[in-house]
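First to last, the protein sequences are chains A and B. Count the first sequence with our numbering and you get residues -12 to 218, in order. Count the second sequence with our numbering and you get residues 348 to 447, in order. Glycine is no exception: its CB is placed at the ideal position from the N, C-alpha and C atoms. What you are looking at is a predicted structure, and each value in this text was computed from that prediction instead of being measured. The structure appears right after this line, and notes come after that.
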Amino acid sequence: MRIGVVTFPGSLDDRDAQRAVRLAGATPVALWHGEHDLRGVDAIVLPGGFSYGDYLRAGAIASLSPIMAEVIAAANRGVPVLGICNGFQMLAEAHLLDGGLIRNDHGTFICRDQKLRVENTSTAWTNGYAPGTEITIPLKNGEGGFVADAETIARLEGEGQVAFRYLGVNPNGSINDIAGVTNARGNVVGLMPHPEHAIEEGFGPDTDAAMRSGTDGLTIFTSAIAALAAV
Amino acid sequence: MPTIVVEVMPKAVLLDPQGKAVAGALHRLGRSRFTDVRLGKRFEIAFEGDADEATLAEVRELAETMLSNSVIEDVVSVHFVGSGSQTDGALVAGTPVEAS
């Protein structure tokens, strides 16, 4: 199983995403934003960071880069695509996911371990979680406020396309505490918090059991492997 | 060189955290009669060729598709500026604004 991770100028978490793919049991494949080559990968991760400096709008210029033409075509064929933070912003800018991301309502960058509820466990990236599972993974962003018009929000809620919801604290003013969404088909998922930073004991969020022992994010990646194996 | 100006603002219904921060600073400076600030973007696009309606239409299309995101922003103005243009003055797209 080969899962591609696209590096854009300004990507920060591409290597972390590659490591998550490897620890989940797949082969990470480094992809480059300036090429039209997906190297035959079975799934794609758009990592966090500040692509192209996040000028214009977060993720906007990246959504127009050469490889995104291939990512959009692959997504429309049903290939699993995950966008994390900046990657989520790219997927929204590319219209693969509904809504948009604006600056946090308090105006400042925020970095914390964030509790979430997995609201949809039937997507390519969440099928390994039991319904209603609560997870804790790191969140770090300045433009994570999810917005959409009322009609779109009603449709996302009604069709089960809210994939993750913030619990406890809404860290950025997102409408309905939405932390991540999926497309109607369930193969494209975007979320603001970072599952790739909670995949290995010693490097994740604190838990009741021990410091930095949280590995709640790993299931995102094993879910994709399971989805691909089921095809 | 003829230039087209595109102005983009966050949607009125959405919170504008940048504008809110500036408004807060004004208030702290004692300028509390300035009650609200909204902060947008101005693009100045220089181009070669004639300043004609076709060029303006092309930029208007770019303004709607690339320079703004209609989920979170409105294009409030697309117009020529500078000397030498044949149609100097405002040609407004989207939400009407005062011609400059």
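Neighbour flag for residue i against chain B, beta carbons, 8 Å
i, result
"D92/A", "yes"
"A166/A", "no"
"R219/A", "Nothing can be reported for residue 219/A, as the shown portion of chain A is limited to -12 through 218."
"G40/A", "no"
"A135/A", "yes"
"A124/A", "Position check: residue 124/A holds Ile in this sequence, whereas Ala was assumed. It does not: the Cβ of I124/A has no partner Cβ on chain B nearer than 8 Å."
"G160/A", "yes"
"R2/A", "no"
"I(-10)/A", "no"
"E187/A", "no"
"G86/A", "yes"
"E80/A", "yes"
"R99/A", "no"
Closer than 8 Å to chain A by CB, residue i
i, result
"V418/B", "yes"
"A359/B", "no"
"L409/B", "no"
"A368/B", "yes"
"S432/B", "The pLDDT assigned to S432/B is 43, lower than 50, so where the model puts this residue is not dependable, and the model offers no usable value."
"L403/B", "no"
"L386/B", "no"
"P364/B", "yes"
"T442/B", "In this prediction, T442/B has a pLDDT of 43, which is less than 50 and means its spatial position is unreliable; what the coordinates show is noted afterwards. No, its Cβ sits nowhere closer than 8 Å to a Cβ of chain A."
Residue i vs residue j beta-carbon contact at 8 Å
i, j, result
"D29/A", "M(-12)/A", "yes"
"V176/A", "A213/A", "no"
"H23/A", "P67/A", "no"
"T350/B", "V423/B", "no"
"N163/A", "G131/A", "no"
"G94/A", "A368/B", "yes"
"A60/A", "I31/A", "no"
"V384/B", "L373/B", "yes"
"V353/B", "I392/B", "yes"
"A13/A", "E183/A", "no"
Continuous alpha helix (DSSP H) stretch holding residue i: start and end
i, result
"L205/A", "205 to 217"
"E391/B", "Not the alpha helix (DSSP H): E391/B falls in the beta strand (DSSP E), residues 388 to 393."
"T95/A", "From DSSP, T95/A is part of no alpha helix (DSSP H); its letter is neither H nor E."
"E57/A", "53 to 64"
"D1/A", "1 to 11"
"T139/A", "137 to 145"
"F75/A", "73 to 80"
First through last residue of the beta strand (DSSP E) which encompasses residue i
i, result
"T123/A", "121 to 128"
"A150/A", "149 to 153"
"L403/B", "Element bounds for L403/B: not the beta strand (DSSP E) but the alpha helix (DSSP H), 400 to 409."
"R(-11)/A", "-11 to -6"
"E420/B", "420 to 428"
"A196/A", "Unbroken run through A196/A: none, as it is neither H nor E."
"A237/A", "Because chain A in this structure spans residues -12 to 218, residue 237/A falls outside the shown range and cannot be described."
"G21/A", "Per DSSP, G21/A belongs to no beta strand (DSSP E) and is neither H nor E."
"V32/A", "30 to 33"
"A166/A", "165 to 169"
Cβ-heavy atom distance, residue i to the ligand PLP, below 7 Å
i, result
"R2/A", "Absent from the structure shown: the ligand PLP. Ligands present: none."
Those runs of the beta strand (DSSP E) which lie wholly inside the segment 354 to 382 of chain B and span at least 3 residues: none
The segment 354 to 365 of chain B / the segment 89 to 97 of chain A touching (three or more Cβ pairs under 8 Å): yes
The segment 98 to 115 of chain A in contact with the segment 202 to 212 of chain A per 3-pair CB rule at 8 Å: yes
Validate contact between the segment -11 to 4 of chain A and the segment 30 to 43 of chain A using beta carbons, cut 8 Å, 3 pairs: yes
The segment 39 to 51 of chain A touching the segment 1 to 15 of chain A, judged by at least three CB pairs closer than 8 Å: no
The segment 137 to 154 of chain A in contact with the segment 97 to 107 of chain A per 3-pair CB rule at 8 Å: yes
Inter-stretch contact at 8 Å, needing at least 3 Cβ pairs: the segment 175 to 193 of chain A / the segment 71 to 83 of chain A: yes
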